[in-house]
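Q: The structure's right below; bear with me while I get my questions together.
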Amino acid sequence: MLVLTRKAGEAIAIGDQITIKVLEVKGTHIRIGIEAPPDFRIYREEIYVKVKEQNQLATCWDLHDFEKVVNLMSDEGMEQRH
Amino acid sequence: MPDGMVGFSERRFIILNPENGGPFCWFQSLDNPDLAFVVVEPVRFFPEYQVKLTREEYDKLQLEPGDETVLLCVATMSPDPLKITINLQGPIVVNPAGMIARQLVLDGNHSTRQPLFAPREPAAAGTIRKAQPPPAVSGISSLYSGKGLAPVRS
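Just so you know, the sequences run in chain order A and B. In terms of numbering that gives the first Met the number 0, the first sequence is residues 0 to 81. In terms of numbering that gives the first Met the number 0, the second sequence is residues 0 to 153.
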């Protein structure tokens with residue numbers, strides 16, 4: 000990992016399209032401004048972790064439950080729309 | 000699936016449409032028989048849910064704006080239908096012609112546990128209907144300005 004020290008107001012450039020600027024340092028919080036082309040997905044790392052965790056939860060399903068739910072849905076007229 | 004599902008190393012999957020499966024399909028790993036996801040087309044439940052792809056995502060899926068795509072969301076199943084949720088934050092985009100898929104992590108604020116069904120009113124035990132569309136499924140418009148990904152019904 001590349002480690003750089005920056006002060007508030009200073010920035011880091013990644014390539015020629017992305018700039019990450021330290022806007023404010025306040026106690027344990029750092030406000031960061033990111034300039035990047037609109038065609039980039041930028042998100043807090045927690046979102047990636049949430050998707051990963053939900054994927055792991057989603058693999059734990061049971062064929063019996065699946066059939067039960069589908070039967071209940073057809074009993075309730077919840078057949079898929081066409 | 001060149002990058003696999005987020006958090007999983009398996010790369011090759013097949014979409015199975017089980018008989019009497021209702022809106023659910025199986026996203027089955029070809030290399031690990033124990034790995035299968037239940038997936039749904041979110042448009043069946045949340046017509047306004049749309050995903051715009053970035054240029055990079057179009058490239059990785061070998062798609063051009065306007066090409067046919069299939070949008071799927073991973074369901075987290077439960078014996079209680081009211082507790083079945085789908086993950087709107089991490090949809091799977093499929094290029095059906097090229098047989099390439101990617102699971103995206105969207106940057107907007109979407110639920111990873113959006114209930115698929117809402118209780119019928121007045122709430123009666125065991126009855127289900129379609130859930131109301133979630134409030135935060137629009138506004139990813141800051142991304143690539145090409146044509147939005149229009150989910151295609153199978």
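Backbone N, C-alpha and C fix where the C-beta goes; we use that ideal spot for every residue, glycine too. Bear in mind that the values here come from a model prediction, so they are computed numbers and not experimental data.
Name the one or two DSSP bridge partners that Glu56/B has.
A: In DSSP, Glu56/B forms no bridge with anything.
Q: Using only the alpha-carbon positions, how far apart do Pro114/B and Ile13/A sit?
A: Each residue's Cα considered, the two are about 39 Å apart.
Q: Looking at chain B, is there any beta carbon in it that lies within less than 8 Å of the beta carbon of Arg5/A?
A: So no, Arg5/A is outside the interface.
Q: Determine the burial state of Lys51/B: buried for a count of at least 16 other Cβ atoms within 10 Å of its Cβ, exposed for fewer.
A: Buried, by the Cβ-count rule.
Q: Whole angstroms is fine: what's the gap from Ala7/A's alpha carbon to Asn70/A's?
A: Going from the Cα of Ala7/A to the Cα of Asn70/A covers about 60 Å.
Q: Checking contacts by CB at 8 Å: is Gln155/B closer than that to chain A?
A: The question about residue 155/B has no answer, for chain B in this structure spans 0 to 153.
Q: Which value, in whole angstroms, describes the spacing of the CA atoms of Asp61/A and Val69/B?
A: The straight-line gap from Cα to Cα measures roughly 25 Å.
Q: Between Val21/A and Arg5/A, is the Cβ-Cβ spacing less than 8 Å?
A: Yes; because the gap between Cβ atoms is below 8 Å, this pair is in contact.
Q: Please compile the residues from chain A whose C-beta is within a distance smaller than 7 Å of the C-beta of Pro41/B.
A: The premise fails here: Pro41/B is roughly 12 Å from chain A at the closest Cβ pair, so nothing lies under 7 Å.
Q: Mind listing the chain B neighbours of Gln16/A? Cutoff is C-beta to C-beta under 7 Å, in chain order.
A: Going along chain B, no residue has its Cβ under 7 Å from Gln16/A, so there is no contact; the nearest lies around 12 Å.
Q: With DSSP as the reference, please indicate the residues paired to Ser73/A in a beta bridge.
A: According to DSSP, which records beta bridges pairwise, Ser73/A is partnered with nothing at all.
Q: Enumerate in chain order the residues of its own chain whose CB-to-CB distance from Ile17/A is below 6 Å, with the five nearest sequence positions on each side excluded.
A: Excluding sequence neighbours, Ile17/A sits near Ala35.
Q: Along chain B, which residues have their Cβ under 7 Å away from the Cβ of Ile46/A?
A: Those are Gln88 and Val104, listed as they occur along chain B.
Q: For Ala35/A, which residues in chain B fall below 9 Å Cβ to Cβ?
A: The contacting residues do not exist; Ala35/A stays about 11 Å from chain B at best.
Q: Of all the residues that make up the segment 23–49 of chain B, which are near chain A by a beta-carbon distance shorter than 8 Å?
A: Cβ contacts with chain A come from Phe23, Leu34, Ala35, Phe36, Val37 and Arg43.
Q: From which residue to which residue does the alpha helix (DSSP H) around Lys51/A run?
A: Element bounds for Lys51/A: Glu44 to Ala57.
Q: Would you kindly check if the distance between the Cβ of Gly89/B and the Cβ of Gln55/A is under 8 Å?
A: Not a contact, by the Cβ cut-off of 8 Å.
Q: One question on the structure: do Leu57/A and Thr75/B come within less than 8 Å of each other, judged by their Cβ atoms?
A: A quick correction: the sequence has Ala, not Leu, at residue 57/A. Cβ distance < 8 Å, so Ala57/A and Thr75/B count as in contact.
Q: Please determine, among Asn19/B, Leu15/B, Asp33/B and Glu18/B, the residue with the shortest C-alpha to C-alpha distance to Gln9/B.
A: Sequence inspection shows Glu at residue 9/B; the Gln mentioned does not correspond to that position. When only C-alpha atoms are compared, the closest one is Asp33/B.
Q: Is it buried or exposed, Leu1/A, if we count other Cβ atoms within 10 angstroms and call 16 or more buried?
A: Label assigned to Leu1/A: exposed.
Q: According to the neighbour-count rule (16 or more other Cβ atoms, all chains shown, within 10 Å of its Cβ), is Thr27/A buried or exposed?
A: By the 10 Å Cβ count, Thr27/A comes out exposed.
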